[in-house]
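Participant: Just add 11 to the spot in the sequence shown (first one is 1) and you have the working numbering.
Even glycine gets a Cβ: it sits at the ideal position worked out from N, Cα and C.
Here it is, the structure, as structure tokens.
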Amino acid sequence: MPPHYREAAAIRAQFESAMNAYHQFLAKHHLPADPTTGDRCDIRGVTE
């Protein structure tokens with residue numbers, strides 16, 4: 012695999028890890044899903 016593919020794969024893995032931690036945090040604090048993105052809303056429960 013070329014070096015730039017390995018670097019991209021490493022960056023993607025870091026991103027996936029960070030997003031997983033983010034979603035675990037939101038789930039732990041029982042934040043509702045944002046219906047427009049399928050993601051979670053902010054801590055006040057406001058979606059835009």
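Give the secondary structure of His41 by DSSP, where H, G and I count as helix, E and B as strand, and everything else as coil.
Facilitator: Correct three-state label for His41: coil.
Participant: In chain order, what residues of the same chain have a beta carbon less than 6 Å from the beta carbon of Met10, not counting five sequence neighbours either side?
Facilitator: In the structure as shown, the chain begins at 12 and stops at 59. Residue 10 is therefore absent and cannot be evaluated.
Participant: Give the straight-line distance between the Cα atoms of Ala29 and Pro14, rounded to the nearest whole angstrom.
Facilitator: Looking at the two C-alpha atoms, the distance is approximately 23 Å.
Participant: Helix or strand or just coil, what does DSSP make of Met12?
Facilitator: Here Met12 sits in coil by DSSP.
Participant: Cα separation between Gln25 and Tyr16?
Facilitator: Answer to the nearest angstrom: the Cα atoms are 14 Å apart.
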